[in-house]
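For the sequence shown, full-length UniProt numbering begins at 1 and goes up steadily by one. Only one structure is covered here, and it is reproduced in the block below.
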Amino acid sequence: MMSSFTEEKKDAEADSGPSGPPKAAEDVFGDETNHDIRYKTLSWQFVSMLMIAEIVSNGMLSLPNAMAAVGIVPALILTIFLGIFGLFTAKLLIDFKLNHPGVHSMGDAGYTLFGPIGRELLSAGTIIFAICGTGSELLSGQLALSSLSDNGLCAILFLLIFSIATLLLALPRTLGRLSWLGVFSVASITLCGILAMVGAGTNPVPDRVLNATVPNNFPNAFLAITNPVFAYAGHFMFFILISEMSRPEDAMKAAWVLQGFSTTFYVVFSIVIYVYIGSTVASPALLSLPPVWSKITFGIGLVNFLVAGGIYSHTAAKLVFVRLFRRSHHVHSHTFLGWFTWIFLCFAAVAIAFIFAAAVPIFSDLISISASLFASWYTYGLAGFFWLHDAYYLGGGERELKRRWFGTTLAVLTIVAGAFICVAGTYVSIKLIVDAYRDGLVGKPFTC
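What follows is the structure, given as structure tokens:
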């Protein structure tokens with residue numbers, strides 16, 4: 001894959017104006033030597049920690065339930081395959097970023113691929129998915145606080161408390177300021193998972209049922225496998241993370257650490273929990289542990305829920321902030337307008353997530369819909385477009401695509417896979433909502 005522009009491509013790229021991406025060969029944050037606020041400070045080690053903190057969170061806790069729904073063999077095959085597939089698409093995404101240093105977000109990538117419409121669609125999708133991710137972490141934090149206090153307060157109050165804490169963590173202007181929090185978050189979710197496995201192993205469910213495979217209809221089976229599919233759904237913020245690296249060319253090292261750690265941990269965690277709890281395992285799996293173990297693991301995992309929520313809301317705010325002030329002094333200077341806008345954007349991201357989490361009884365299902373619509377493309381399908389675009393425009397056009405027929409075939413199959421996950425996941429998620437309303441399972445907004 002090409003790692004840099006040809007001179008002809010550098011000259012041909014046009015500037016899209018103040019609100020669009022800069023010339024493709026121009027780094028998004030430029031030379032920061034004399035700036036007050038410097039973004040490009042992250043090492044690949046810290047980027048890997050932030051990636052793990054964001055991805056290995058709620059997704060991990062739902063995997064044992066998915067294994068119970070489809071059986072241990074299909075679940076394991078799918079988890080391992082998606083880990084490898086996610087590494088492959090991460091490679092295509094990182095190559096695209098190195099070829100186009102001016103790409104800061106999926107919106108910028110959408111502009112490069114599809115023009116202004118692509119920019120707006122992929123920018124909106126990133127913001128929606130990041131806010132839904134924030135809301136998911138807020139609900140996890142609410143559940144953890146309720147469990148630790150034996151429902152000592154109204155759940156809405158716990159949600160509000162956790163939202164305020166999440167907002168505070170999102171406020172640093174640069175991801176470098178969050179880097180050490182990423183380390184603590186990874187330690188938190190790792191220890192949470194280890195203790196959950198210990199708790200399950202020391203308190204196995206009597207007469208538990210274990211299945212190698214479970215016959216199921218398509219909606220139920222696909223609903224179950226969306227858990228491992230979206231357990232890897234973190235690629236949507238890779239461009240933003242890589243843009244703040246001191247050496248973007250090291251990004252693939254972070255991707256190797258992310259996929260290696262997450263795939264290994266997912267496999268071990270889901271097998272151990274499922275083997276000791278069986279087919280009745282809940283989602284999140286911590287709810288299936290004895291009360292003491294549930295409280296311990298929720299208490300430790302609370303750090304990860306908090307940091308992950310902060311990263312998600314930071315991502316939504318950062319995309320809009322850079323879009324508004326790109327190439328202006330507000331990005332790198334401590335101006336009133338810059339800080340006021342940044343704080344407002346972070347507040348808006350968390351506030352919207354809080355409102356959705358508290359007021360929409362089917363919010364968890366809406367998260368599934370947003371993941372199906374957007375994460376299916378950000379994590380999988382778009383990577384194929386990235387490869388085809390650069391092979392065509394930075395290579396030799398159609399002749400290059402034909403010459404590199406194997407890569408072209410893989411790229412097309414990647415696009416097809418993303419499209420299938422998008423359509424099938426959206427269908428299943430909508431069906432789940434319809435069934436919930438039909439069966440009277442939908443609760444009321446703003447209830448304890």
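All C-beta atoms in this analysis are idealised placements derived from N, C-alpha and C, irrespective of residue type, glycine included.
Restricting to Cα atoms, I'd like to know which of the options is closest to residue i.
i	options	result
residue 66	229, 416, 99	229
residue 77	332, 425, 266, 428	266
residue 176	426, 400, 354, 39	39
residue 136	209, 55, 187	55
residue 295	95, 35, 28, 150	150
residue 359	315, 349, 444	444
residue 435	395, 362, 165, 412	362
residue 413	368, 385, 239	385
residue 144	303, 425, 321	303
residue 207	275, 237, 184, 161	275
residue 43	316, 114, 246, 50	246
residue 63	104, 438, 328, 262	262
residue 411	226, 32, 85, 349	85
residue 242	31, 47, 216, 285	47
Specify, as a first and last residue, the run of the alpha helix (DSSP H) that residue i falls within.
i	result
residue 194	179 to 202
residue 78	72 to 99
residue 373	Neither: residue 373 is in no alpha helix (DSSP H) and is coded neither H nor E.
residue 271	251 to 277
residue 390	382 to 391
residue 216	Where residue 216 is concerned, there is no enclosing alpha helix (DSSP H), given that its DSSP letter is neither H nor E.
residue 299	291 to 325
residue 401	398 to 403
residue 106	106 to 114
residue 282	Residue 282 -> no alpha helix (DSSP H), and no H or E assigned at all.
residue 350	336 to 359
residue 239	238 to 243
Grouping DSSP H, G and I as helix and E and B as strand, with all else coil, what is residue i?
i	result
residue 171	coil
residue 210	coil
residue 413	helix
residue 153	coil
residue 42	strand
residue 430	helix
residue 59	helix
residue 363	helix
residue 132	helix
residue 34	coil
residue 64	helix
residue 235	helix
residue 439	coil
residue 246	coil
residue 103	coil
residue 228	helix
residue 205	coil
residue 26	coil
residue 47	helix
Assuming residue i and residue j form a contact by the criterion Cβ under 8 Å, report the distance between their Cβ atoms to the nearest whole angstrom.
i	j	result
residue 463	residue 280	The question about residue 463 has no answer, for the chain in this structure spans 1 to 448.
residue 130	residue 283	The Cβ separation is near 22 Å, so there is no contact.
residue 128	residue 376	That pair is no contact at about 13 Å.
residue 298	residue 147	5 Å
residue 494	residue 93	With the chain running from 1 to 448 in the structure shown, residue 494 is simply not present.
residue 341	residue 324	7 Å
residue 141	residue 306	6 Å
residue 196	residue 273	7 Å
residue 192	residue 301	4 Å
residue 125	residue 119	Incorrect: roughly 11 Å between the Cβ atoms, too far for contact.
residue 367	residue 132	5 Å
residue 357	residue 138	5 Å
residue 53	residue 311	6 Å
CB of residue i to nearest heavy atom of the ligand ZN: below 7 Å?
i	result
residue 77	The ligand ZN is absent from the structure shown, which contains no ligand whatsoever.
How would you call residue i, buried or exposed, if buried means at least 16 neighbouring beta carbons within 10 angstroms?
i	result
residue 248	buried
residue 81	exposed
residue 277	buried
residue 97	buried
residue 214	buried
residue 332	buried
residue 428	buried
residue 292	exposed
residue 448	exposed
residue 202	exposed
residue 423	exposed
residue 180	exposed
residue 22	Confidence is the limiting factor: at residue 22 the pLDDT is only 41, short of 50, which leaves the residue's position unreliable, though a coordinate-based value still follows. Label assigned to residue 22: buried.
residue 442	exposed
residue 440	exposed
residue 402	exposed
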